[in-house]
Amino acid sequence: LVALTFAFWAWPRGAWLGKLVAIISFGAALYGLPVVAKKMDEGARYYQQTKNLTLGEEFSSATLDYYLTKTDRPVFVEMTAAWCITCKLNHASSIDIDATRDTFAANDVAFLVGDWTNQDSGITQYLHSFGRNGVPLYVFYPAPYEDGARPDPVILPQLLTPSLVENTITADYMEH
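Structure (structure tokens):
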């Protein structure tokens, strides 16, 4: 875009030199188009790869409702987006690691991931239900009490550590 703008600026300036500079700039812009197209394609492929979950299930209100009403499993919800650096850092350093996977497995935690990259309205509603306007958001729903009622959900901080995730999941929520 800079080269194209420069070409249009240089064309009326000067006789042959302005036109030569404009033609060279225009050529540079055309030469750069395949590079830009390749980068855009790589970005789209990266987005699709990151969208494929290696851990957890895709979030939906129906899936969350199922786990909260039809099972006794604790539920961990991660709200994220492809453009969220904090989300990516937290996921790589504190969630998608062996220690957290082991903690999820040992405690039979259902793990739901909501991808807000394209501003999904269901995820927006979920975020608003916790007074949030953006990601990241991490919510843990402990297992229900013996009478079937669930303890209040636990909202984790926006910056996670592996021990924080583990301590949240393994905390004793049985005091009713």
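According to this note's numbering, the sequence shown holds residues 1452 to 1627 in order. Virtual Cβ for every residue (Gly too), placed ideally from N, Cα, C.
For residue 1531, the enclosing beta strand (DSSP E) starts and ends at 1526-1531. In the DSSP assignment, residue 1547 falls outside any alpha helix (DSSP H) and carries neither an H nor an E.
If you compare the alpha carbons of 1558, 1566, 1577 and 1579 with that of residue 1618, the shortest gap goes to 1558. Counting only residues of its own chain and dropping the five nearest sequence neighbours on each side, residue 1455 has a CB closer than 6 Å to the CB of 1480. By the criterion of a C-beta distance shorter than 6 Å, residue 1458 is surrounded in its chain by 1473, 1476 and 1477, once the five residues flanking it on both sides are discounted.
Relative to residue 1561, the option among 1615, 1466, 1527 and 1572 whose CA is nearest is 1527.
Between the alpha carbons of residue 1531 and residue 1510 lies a gap of roughly 11 Å. Contact between the stretch 1609-1624 and the stretch 1534-1552 is present, with at least three C-beta pairs closer than 8 Å.
A direct Cα-Cα distance of roughly 49 Å separates residue 1519 from residue 1485. Annotation: residue 1555 to residue 1577 spans about 22 Å, alpha carbon to alpha carbon. In the same chain as residue 1595, and ignoring 5 residues on each side of it, the C-beta atoms closer than 6 Å to its own belong to 1523 and 1601, in chain order.
For the options 1540, 1571 and 1534, the alpha carbon positioned closest to that of residue 1512 is the one of 1571. In the three-state reduction of the DSSP assignment, residue 1617 falls in the helix class, which pools H, G and I. In terms of CA proximity to residue 1580, 1606 leads the group 1620, 1606 and 1469.
Annotation: the continuous beta strand (DSSP E) that includes residue 1592 extends over 1588-1592. Going by beta carbons, residue 1515 and residue 1563 fall inside the 9 Å limit.
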